[in-house]
Every structure is written in structure tokens, then in C-alpha cells.
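At the far end of the sequence shown sits residue 306, using the working numbering, and the numbering has no gaps.
Ideal Cβ positions, reconstructed from N, Cα and C, are used throughout, including at glycine.
One structure below.
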Amino acid sequence: MADLSVQICSVKFKNPVIAASGTYGFGREFNEIYDISLTGGISTKGLTMEPRNGNPVPRIAEGSSVILNAVGLQNPGVDHFIEYDLDFLKSKNTVIIANVAGRTLEDYQNICAKLDGLVDMIELNISCPNVRAGGMALGVKPANVQEVTSLCKDKLKKTPLIVKLSPNVESIAVNAQAAQKGGADCISLINTLTGMVIDIEKRRPIIANNTGGVSGAGIMPIALRMVYEASHAVNIPVIGIGGIASGKDAIAFMMAGARAVQVGTANFTDVYAMPRIAEEMNSWLDSHGIASVNDIVDTLQLN
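Now the structure itself:
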């Protein structure tokens, strides 16, 4: 058996397969199917200061090899999470990553202050429309990425900070550097791309919100390229996200420079995706005589 354990920002993961935010809830439903302690970690559903009902339906649509979602960060709010969900996750022997979001910079700061020391890591979702940025996501402009990162890092005395980067930017490398300058301990990428699907009989977008975030197997080549560029632009750890559905997919991301991966849409098509991917990684490493998954990180050789 290969050693699948990885360490990121002094946090040890039993394996590098983490549930991506928004695709795994708080783990309760999946724990009815298998023991979620088999996962390396869980990034929670995005948490906001107040409960949110999310966007109107329909808010999920299928594309070719992808899905689109405009759920709108439906969640019970950070206080509810702390009171009703945190103890459950702590009992499951897996790394807890609290994904946080907000409408204002103060929202981000306040949530981080509430969660500091309660979870293993905090992941900033900076792809949300921001009130003070005129509806523009904080993750678009490097200056905004650096500002929100710095303000949140100032509130965290005990918990490492991950910044989740949007792919809808001019330069992923520059935005990764902005997060590092702001004090990020780690970055994760990519968040969803922006897309649209159309019902040609009705001549209307299928999603009520018109556009949605594109995820799934079809975005993997884009995500791989961005993970490679970002990981070579910074000297902090990178967690790769985007279309991962197999152990070989996860290994490709780690070869491109990721220290761990997050699995999202695959959880919808195969409820056992997370433990299966970890097992497939182990089998590949064993078949290639590689003792530790860490030995494949950043080993990509360009042509």
C-alpha cells in the first residue's frame, strides 16, 4: 500500500481526496452510504452570515460532459453550522474545511472570526458577487483578491487560510500571486466557469438565473492548465479542482503541482466517487512502484 497521506499548512490529511464545497453538503447524507472518515477532508457547503434560500428554480442544468448550477449559496448560515453540524463533522476523523462567502468584505471577516480555531482550515469563496464591487466578484481583480485575503487573514489566529480562485480572470497566475501577497496559506482552484445552456424550443436559458457555474469532466483540461500555471507562480500549496472523476485524474493534477485535490461533480454521478478515487490512486502508485503520493507532486515534464 502506498502512503496517501499529505500535509498542507501543518494540517495532515489521511489521503489527498477532499470533497469540494457545495457537492457534499456537511457530509451527513453521504455518511448514510459509507463512512466519510474514508475521505481526506470535506470542504463544507458555502457558509454565509445569514441563512440563504438560494436562487429560484430551475438552478441545475446539464451540458455536454458538464453540469451548470446557479444554486445561489443556499445554506443554513454559519451559526447554525457551528451549533448543529460542526460536532458531527468532528466525530468523523476527517479534515474540516469551512468554505465561506459573503456580500461584503465585512461578511468575510466576521465569518472568519467566528470560525477561527473551530475548524481545521477556512476556504474563501471569492467568486460571489460583491455589493461594494458593484456586483463584480471579489475574485476577478488581483487588487480585490489581495484585499479580501489580507482582511480575512488578519482575523485568523489559529486556522490556515485557503483562497479559492475563480477561473473567470485575465491571469490565474497573477491572481494566485495576489492571494499569496494577501497572506493566503494555500490556494485552491478552479472554481466554476461561467456558462449558459438554452432550451431552443422556448428560446430561453434553462437556468432561471440565465447563467450558471460550469463544472464536471468537460472542464478538466482548463483546470489542469490553470493549476499548473498557478502552482508555478506561488510558493504556497495548491489544491486542484475541476472535473476529477478518477484516480488517474487526481494524479494528473498532482503531477501538475497540486498537493491535494477536491472532487465535486463526480459525487453526483457516483456516490462512492471519493473512496473509489483514493483506492484508484493507491493502485496506480503501487503499480508504478511509487511509495508515497507526495513523490508525484510537480513531476510534469513539458514537451
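For residue i, I'd like the list of residues in its chain whose CB is within less than 6 Å of its CB, leaving aside the five on either flank, ordered along the chain.
| i | result |
| --- | --- |
| N128 | G49, N102, A104 and K167 |
| N194 | S130, K167 and S169 |
| N212 | N58 and A73 |
| G66 | V200 |
| T197 | N171 and T214 |
| A64 | L71, V200, I209 and I210 |
| D301 | G260 |
Is the beta carbon of residue i sitting closer than 9 Å to the one on residue j?
| i | j | result |
| --- | --- | --- |
| A23 | F33 | no |
| I222 | S249 | no |
| D188 | I239 | yes |
| L92 | I45 | yes |
| P19 | A226 | no |
| P208 | V217 | no |
| P61 | D123 | no |
| G332 | I247 | Lying before the first or after the last residue shown, residue 332 is absent from the chain, which here runs from 4 to 306. |
| E109 | G80 | no |
| L192 | G120 | no |
| S295 | D6 | yes |
| V230 | A259 | yes |
| T51 | N78 | yes |
Determine, for residue i, whether the minimum Cβ-Cβ distance to residues of chain B falls below 9 Å.
| i | result |
| --- | --- |
| G292 | Of the chains in the structure shown, none is chain B; there is only one protein chain. |
Run through the DSSP bridge pairs and tell me what residue i is partnered with.
| i | result |
| --- | --- |
| L307 | Outside the displayed range of the chain (4 to 306) lies residue 307, so it cannot be described from this structure. |
| L108 | Partner(s): none; L108 has no beta bridge. |
| V9 | F16 |
Start and end of the beta strand (DSSP E) containing residue i?
| i | result |
| --- | --- |
| L192 | C189 to L192 |
| E65 | I63 to E65 |
| A248 | It is not in any beta strand (DSSP E) - A248 carries neither H nor E in the DSSP assignment. |
| N72 | I70 to N72 |
| S46 | G44 to S46 |
| N128 | M124 to N128 |
| V264 | A263 to V266 |
Between which two residues does the alpha helix (DSSP H) harbouring residue i extend?
| i | result |
| --- | --- |
| N102 | N102 -> not in any alpha helix (DSSP H); beta strand (DSSP E) instead, spanning V98 to V103. |
| A269 | A269 to T272 |
| K156 | P145 to K156 |
| S24 | From DSSP, S24 is part of no alpha helix (DSSP H); its letter is neither H nor E. |
| S218 | Not the alpha helix (DSSP H): S218 falls in the beta strand (DSSP E), residues G215 to S218. |
| L196 | No alpha helix (DSSP H) holds L196; the beta strand (DSSP E) holding it covers L196 to G198. |
Going along the chain, which residues of its own chain have a beta-carbon closer than 7 Å to the beta-carbon of residue i, five neighbours each way excluded?
| i | result |
| --- | --- |
| K184 | Q149 |
| S153 | G185 and G186 |
Taking only the alpha-carbon atoms, compute the straight-line gap between residue i and residue j and give it to the nearest angstrom.
| i | j | result |
| --- | --- | --- |
| S269 | G43 | Checking the sequence, you will find Ala at residue 269 rather than Ser. Near 16 Å, if we compare the C-alpha coordinates of G43 and A269. |
| L71 | G25 | 13 Å |
| I100 | W287 | 27 Å |
| T272 | I114 | 32 Å |
| V14 | F29 | 20 Å |
| D298 | E232 | 20 Å |
| A220 | P278 | 18 Å |
| H291 | A255 | 14 Å |
| A176 | L305 | 18 Å |
| I11 | R262 | 7 Å |
Ignore the nearest five residues each way along the sequence and tell me which others in residue i's own chain have a CB closer than 8 Å to its CB.
| i | result |
| --- | --- |
| E282 | G250 |
| D82 | K117 |
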